[in-house]
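The opening position of the sequence shown corresponds to residue 0 in numbering that gives the first Met the number 0, with each subsequent residue numbered one higher.
Cβ atoms here follow ideal geometry from the backbone N, Cα and C, with glycine treated the same way.
All values reported here derive from a predicted model rather than from experimental measurement.
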Amino acid sequence: MSGNQSEILEEHYARGDAVAGVKNALAEIGKAEGALKPEELSSIDQFHVRSLLATKDLAAAAEPQLDMEILDIGSGLGGAARYLASAFGCRVTGIDLMQSYCDAATMLTERCGLDQRISFRQGDALALPFPDARFDQVWTQHVSMNIADKAKLYGEMRRVLRPNGKLAIYDPVRSGNEPLRYPVPWARDERTSFVPTESELKQYLQDAGFTVLSWEDKTKVALQWFEEMEKKWAGTKPSPLGIHVLIGPDIRPMSANLRTNLREGRAKLIQAVCKAI
Ligand SMILES: C[S@@+](CC[C@H](N)C(=O)[O-])C[C@H]1O[C@@H](n2cnc3c(N)ncnc32)[C@H](O)[C@@H]1O
């Protein structure tokens, strides 16, 4: 990834000290100390549309098994890693470009008592610091849109995956002829947003050595979820433990734009499971 792009991403995602921000938010909800349950954190550690529901759906499709070695690329605050470890007994490695997210993810994982099964390290999805065929599954949610070099991205995923291992994806794609409205939760403008069409994504996966096992359009359920959330939270104060701690208050117009992009057919959400051939 170019230096300029990582600087813009750093400015977008790592506006402050994520560890301090998360600790302050936990203190505000009376959880400054003591053990945490993974599901208590979903308002901040599931940084994608449909939150924990989407993670559960992706896991149901990818069928992770006890003791499987899983790599979560762009692991954010580690919500998916903790779900895979606590619900299925997987061993998860998370990698993310933001050092501060890795630090916050490690802190939260320790407080959930899952640090024997999960670790996080800072790194770039385009240069994974792992040997070939190291993982049983590779997992990624709402990350590829930040990465221009798709051939390298999916090539790296294929390289670290054992033959017949599964790749689990949950990502936006572009649709229709109208451009995306910005800002969106992953980018303030097009400088760090590289959203392929559905057919381009399929081609990238095929070129990298994957075959598709399942492919689901999650746009409709995502729009229903936005509507339910709007009704549920109408007139209430947002939880202190929210994505705004990481991104700032602009997360609201960003999420609104993403919803509009989905509603207007400018984008879709795809859940896919592929096999390394
Ligand atoms: C929208 S967040 C999603 C986080 C997490 N996957 C989740 O769903 O909760 C996108 C994440 O991708 C990470 N990211 C972006 N580009 C990356 C790259 N080249 N390598 C590793 N991580 C990257 C960002 O730092 C950020 O944590």
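In the DSSP assignment, Phe119 forms a beta bridge with Gly93. Under DSSP, Trp138 forms a beta bridge with Asp71 and Ala167. With a threshold of 7 Å, the Cβ atom of Ala186 does not count as near ligand 1, since no heavy atom of the ligand is closer than that. When the five nearest sequence neighbours on each side are left out, the beta carbons in the same chain lying within less than 6 Å of the beta carbon of Tyr12 are those of Met97, in order along the chain. According to DSSP, residue pairing for Trp214 in a beta bridge involves Ala271.
Looking at the backbone, the Cα of Leu257 and that of Asp148 are separated by about 23 Å. In the three-state reduction of the DSSP assignment, Thr196 falls in the strand class. Judged by beta-carbon spacing, Ser238 lies beyond the 8 Å limit of Ser50, meaning their Cβ atoms are not closer than that value.
Shown here, Leu160 sits in a strand according to DSSP, grouped into three states. A direct Cα-Cα distance of roughly 43 Å separates Leu204 from Ala31. Cβ-Cβ separation between Phe134 and Glu68: approximately 5 Å, consistent with a contact (criterion under 8 Å). Cys111: not part of any alpha helix (DSSP H); DSSP gives it neither H nor E. Per DSSP, Pro184 lies in no alpha helix (DSSP H) segment and is marked neither H nor E.
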